[in-house]
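Peer 1: Pasting a structure here, questions to come.
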Amino acid sequence: MGLELSLEAKKLLGKKGYDPILGARPLRRTIQRDIEDHLSQKILCGELRAGHTVVVGVEGEG
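Residue numbering for the sequence shown is 1 to 62, as defined by the working numbering.
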């Protein structure tokens, strides 16, 4: 499975996953919550399979 993130998605994840005190440490948790958890559900439901490419973008205000 492939994963592509738009520049806007990368910026939003960076913004949401950055903490002034902790730096980028929370970034992994943000990626897990906002991307990996959703992809896992789609894989379990059979909506995504090997060979698919997922494109992540941003809609609205984020």
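Where a beta carbon is used, it is the ideal one built from N, C-alpha and C, also for glycine.
Among His52, Glu59, Gln32, Val56, which has the Cα closest to the Cα of Met1?
Peer 2: Within the sequence shown, residue 1 is the residue found at index 1, counting from 1. Looking at the Cα atoms, His52 is the closest of the given residues.
Peer 1: Which residues share a DSSP beta bridge with Leu5?
Peer 2: By one-based count along the sequence shown, residue 5 stands at place 5. Answer by DSSP bridge pairing, in chain order: Val56.
Peer 1: At the level of alpha carbons, what is the spacing between Arg28 and Leu7?
Peer 2: Counting from 1 along the sequence shown, the entry for residue 28 is found at position 28. Counting from 1 along the sequence shown, the entry for residue 7 is found at position 7. Approximately 18 Å, taken between the alpha carbons.
Peer 1: Work out the CA separation of Asp37 and Glu47 for me, nearest whole Å.
Peer 2: As a working note, residue 47 is residue 47 in the sequence shown. As a working note, residue 37 is residue 37 in the sequence shown. Glu47 and Asp37 have their alpha carbons spaced roughly 14 Å apart.
Peer 1: With respect to the alpha helix (DSSP H) encompassing Arg33, which residues constitute its N-terminal and C-terminal limits?
Peer 2: Mapped onto the sequence shown, residue 33 falls at position 33. In the DSSP assignment, Arg33 falls outside any alpha helix (DSSP H) and carries neither an H nor an E.
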